[in-house]
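Here you go:
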């Protein structure tokens, strides 16, 4: 078993200042060195056209562009390198598996991937310049794997495939764009229609009305359906699925069967986090082990989070944080049955 943790990052202020703030913390963290090692191995996949990326950010989120500038200045790295590392508009996404279940009052998800890809950062950010405040785990520093914003919009995504990738944002930056810019599932669907997509993913959305949507997106196709559960295949755009989707379909069937007996958010959390339930995965060597379980309550503006399986969730009131109350915890600790740890240690 590996002991792991996520650092809790809290900031209120402008995006550029947030970039500087994160840079200061990253200077004393092994995360950047791990990312440099990854970049050196796959540099050809990280080539970007600066003007193209700038134009897309200016159209969809100029503020995040300023955050990247703050990271560049704070870390003292060349601007083009900062775009590669933090722009979320470039490289191939590794295979992974994830599971999401929703009801009217919650969204719960397992984020499955390889431990050595995971940053171990849980970020709460209230921008003073533009965009909604949000909370959720980070990926590639600026992106979010899932989360909740001040309007009660919650989101998560599930990988489908990497074939026939296009020019566009990767999943975690899309997650960040949704949280910063959208108040409702309808607004989120519209943004997903407009932005360019690098890869093929399910995006699951829930807001305070209790409406839950699954949006099937590839660089070529787009489909919206009302649904409560989702794994790693498309139900409608089946031509976009991987050749083998058996495991994803079996996992979805387990969720659909078990959810009939789920009546509370805690029961839903246990369904995904308890290893014996058969949805939590320990396939860490195959980029498909469950790293975190997250649950969001839009109406209550609350968030739950756990690292590893069979854990009690760390629970906090996002509403109180929005009102100015600081979280006193600095880390969320957990354990995973893997040989590798996160890149923050």
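In the UniProt record's numbering, the protein residues as written are 1 to 345.
Cβ atoms here follow ideal geometry from the backbone N, Cα and C, with glycine treated the same way.
First and last residue of the uninterrupted alpha helix (DSSP H) at residue i
i, result
"residue 15", "15–27"
"residue 177", "171–181"
"residue 304", "Not the alpha helix (DSSP H): residue 304 falls in the beta strand (DSSP E), residues 302–307."
"residue 266", "265–273"
"residue 63", "62–75"
"residue 49", "Neither: residue 49 is in no alpha helix (DSSP H) and is coded neither H nor E."
"residue 134", "Careful: residue 134 lies outside any alpha helix (DSSP H), inside the beta strand (DSSP E) at 134–139."
"residue 200", "Counting along the chain, residue 200 falls outside any alpha helix (DSSP H), though it belongs to the beta strand (DSSP E) covering 200–206."
"residue 246", "246–258"
"residue 148", "Taken as a continuous stretch (DSSP letters only), residue 148 belongs to no alpha helix (DSSP H), being part of the beta strand (DSSP E) at 146–149."
"residue 191", "185–194"
"residue 85", "79–86"
Other residues of its chain near residue i: CB distance less than 8 Å, five sequence neighbours each side excluded
i, result
"residue 179", "132, 134, 136, 144, 147, 148, 149, 153, 155"
"residue 36", "none"
"residue 124", "8, 9, 10, 11, 133, 134, 135, 318, 321, 327"
"residue 78", "72"
"residue 18", "11, 67, 70, 125, 127"
"residue 267", "261"
Extent of the continuous beta strand (DSSP E) to which residue i belongs
i, result
"residue 101", "98–103"
"residue 319", "Premise fails: residue 319 lies in the alpha helix (DSSP H), 318–322, not in any beta strand (DSSP E)."
"residue 225", "222–226"
"residue 335", "331–336"
"residue 294", "288–297"
"residue 212", "212–217"
"residue 159", "154–161"
"residue 126", "121–127"
"residue 107", "106–113"
Cβ neighbours of residue i in the same chain (closer than 6 Å, five flanking residues each side left out)
i, result
"residue 23", "71, 74, 75"
"residue 283", "289"
"residue 230", "100, 158, 202, 204, 214"
"residue 330", "8"
"residue 237", "216, 221, 223"
"residue 258", "271"
"residue 130", "63"
"residue 218", "200, 240"
"residue 308", "334, 335, 336"
"residue 3", "335"
"residue 27", "none"
Contact check, residue i vs residue j, beta carbons under 7 Å
i, j, result
"residue 198", "residue 168", "yes"
"residue 335", "residue 1", "yes"
"residue 139", "residue 172", "yes"
"residue 211", "residue 170", "no"
"residue 281", "residue 115", "no"
"residue 66", "residue 15", "yes"
"residue 13", "residue 117", "no"
"residue 244", "residue 161", "no"
Integer-rounded CB distance, given that residue j should sit under 8 Å from residue i
i, j, result
"residue 80", "residue 272", "No, residue 80 and residue 272 are not in contact; Cβ-Cβ is about 40 Å, not under 8 Å."
"residue 225", "residue 235", "7 Å"
"residue 265", "residue 122", "About 19 Å separates the two Cβ atoms, so there is no contact after all."
"residue 248", "residue 97", "7 Å"
Cβ neighbours of residue i in the same chain (closer than 7 Å, five flanking residues each side left out)
i, result
"residue 50", "80, 83"
"residue 31", "119, 343, 344"
"residue 347", "This structure does not reach residue 347, given that the chain is present from 1 up to 345, and the question cannot be answered."
"residue 256", "229"
"residue 279", "99, 110, 251, 254, 255, 271, 272"
"residue 338", "2, 115, 284, 289"
Proximity winner among the options, relative to residue i (alpha-carbon distances)
i, options, result
"residue 142", "61, 239, 306, 240", "61"
"residue 299", "306, 228, 151", "151"
"residue 20", "323, 68, 200", "68"
"residue 177", "33, 309, 281, 57", "57"
"residue 85", "126, 324, 53, 247", "53"
"residue 274", "306, 245, 297, 165", "306"
"residue 287", "16, 34, 112, 89", "112"
"residue 302", "291, 308, 310, 315", "315"
"residue 332", "338, 291, 13, 78", "291"
"residue 227", "104, 27, 276", "104"
"residue 324", "338, 126, 181", "126"
"residue 183", "161, 29, 209", "209"
"residue 166", "59, 48, 261", "48"
"residue 59", "163, 267, 191", "191"
"residue 206", "196, 276, 187", "187"
"residue 55", "189, 196, 163", "196"
"residue 174", "189, 163, 25", "189"
Cβ-heavy atom distance, residue i to the ligand MG, below 6 Å
i, result
"residue 9", "This structure lacks the ligand MG, and indeed carries no ligand of any kind."
Short CB-CB distance (under 7 Å) between residue i and chain C
i, result
"residue 75", "Chain labels in this structure do not include chain C; a single protein chain is all it has."
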